[in-house]
Amino acid sequence: MSDSACTFLESLQRFDLSMLLRHCRASVEEVEVAFDWVGDITEEAVVVRAPIPIAEALTSLPPQDRKRIAEAVASGQQTAKQHEDICVVTADGSQANGAVALLSELLIHRAMMVSVSTGGPRFRT
């Protein structure tokens with residue numbers, strides 16, 4: 001699934017997002033959103049399972065980039081709705097290294113600098 005999403009992102013000249021997604025498992029799944037007295041309430045969502053620090057970088061992306069990833073993942077599937085965001089899950093025990101780890105760290109630091117400079121919430125290290 002991630003390969004078709006990466007191709008979609010590359011066609012939009014978003015090689016940075018494609019590079020991040022290439023090291024992840026992404027799919028459209030039913031996720032539990034609430035528990036009701038009748039049973040679990042589920043909803044269709046784009047789930048991205050990513051190693052550290054890619055998961056943190058994906059979480060820190062601006063909303064328009066998260067939406068673009070959701071569109072890319074959903075583009076190869078029949079979905080019930082148009083997805084606006086992604087659900088990032090940290091993959092257990094795996095860690096990215098090399099160029100993708102460097103890109104992840106740059107995106108995390110960029111998000112931190114934007115947050116601090118605009119008076120938004122501050123990140124804790």
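First residue of the sequence shown: 1, per the working numbering; consecutive thereafter. Every residue gets a Cβ at the ideal spot worked out from N, C-alpha and C, and that includes glycine.
*Please classify residue 6: does DSSP put it in a helix, a strand, or coil?*
Here residue 6 carries a helix assignment [DSSP, helix/strand/coil].
_Within 8 Å, do at least three Cβ pairs link the segment 24-38 to the segment 67-75?_
Flag = yes, the segment 67-75 and the segment 24-38 touch.
*Going by beta carbon distance, what residues of the same chain come within less than 6 Å of residue 108, once the five residues before and after it are set aside?*
Once the five neighbours on either side are set aside, the close Cβ partners of residue 108 are 56, 57, 60.
*If we ignore side chains and look at the alpha-carbon of each, how far apart do residue 47 and residue 112 end up?*
Distance between the alpha carbons of residue 47 and residue 112 is about 24 Å.
*Span separating the alpha-carbon of residue 12 from that of residue 40*: CA-to-CA, the gap between residue 12 and residue 40 works out to about 37 Å.
_By alpha-carbon positions, which one of 7, 43, 51 ends up nearest to residue 144?_
Beyond the ends of the chain as shown, which are 1 and 125, falls residue 144; an answer cannot be given.
*Count the other C-beta atoms from every protein chain shown that fall within 10 angstroms of the C-beta of residue 2, then say buried if there are 16 or more, exposed otherwise.*
With 16 or more other Cβ atoms within 10 Å, it is buried.
*residue 90 and residue 45: beta carbons closer than 8 Å?*
The answer is no: Cβ separation not under 8 Å.
*Within 8 Å, strictly: CB atoms of residue 10 and residue 53*: Not in contact: residue 10 and residue 53 (Cβ atoms no closer than 8 Å).
*asked:* Taking only three categories from DSSP, how would you classify residue 84?
replied: Correct three-state label for residue 84: coil.
_I'd like to confirm the pairing. Which residues does DSSP put opposite residue 35 in its beta bridges?_
Looking at the DSSP assignment, residue 35 forms a beta bridge with 40.
_Taking 8 Å as the threshold (C-beta atoms), are residue 86 and residue 66 in contact?_
Taking C-beta atoms as the reference points, residue 66 and residue 86 count as a pair closer than 8 Å.
*Would you call the CB atoms of residue 100 and residue 20 closer than 8 Å?*
When the beta-carbon positions are compared, residue 100 and residue 20 come within less than 8 Å of each other.
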